[in-house]
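Written out below as structure tokens is the structure these notes cover.
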Amino acid sequence: MVDPPRLLDVPGIADLLSFEPATVRDMARRGILPAFKIAGQWRFRADEIADWVEAQRHEVASTEPAPPRTLTPPRARGELPSAREAVRNLPRAER
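Right, here's the structure in full:
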């Protein structure tokens, strides 16, 4: 005889994934997490959640890393004039 699948409830998934229960319910409702309802309560198959977690891990690993953020201020990059240059460029009446 085949063993029935292990089912988890919202608090069990929230604990497993370190999510808030409301987040788990929202993800189930939106179809992000594999889930179904029994008597109006969300249930999750442990094997499907394990597959989902593995797929998320591979999805993150396969995406290209974001380019490093530049922390150079705009003026140092030559995008903004210095205060002295800005004043020099003002019409004489505004100086």
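Note that the sequence shown ends on residue 184 in this note's numbering; no numbers are left out.
Backbone N, C-alpha and C fix where the C-beta goes; we use that ideal spot for every residue, glycine too.
Every value quoted in this text rests on a predicted model; they were computed, and no experiment measured them.
Residue pairing by DSSP places Leu96 opposite Arg134 in a beta bridge. Sixteen is the threshold: when 16 or more other Cβ atoms of the shown chains lie within 10 Å of the Cβ of Phe133, as they do, the residue is buried. Residue burial is scored here from C-beta neighbours: Ala117 has at least 16 other C-beta atoms within 10 angstroms and is therefore classed as buried. Counting along the chain, the unbroken beta strand (DSSP E) around Ile127 starts and ends at 125-127. Collapsing the DSSP output to three states places Val91 in coil. With respect to the 9 Å criterion, Pro110 and Pro94 are not classified as neighbours on the basis of their beta carbons. Within the model, the alpha-carbon separation for Asp104 versus Arg173 is close to 58 Å. DSSP, read as helix, strand or coil, puts Pro110 in helix.
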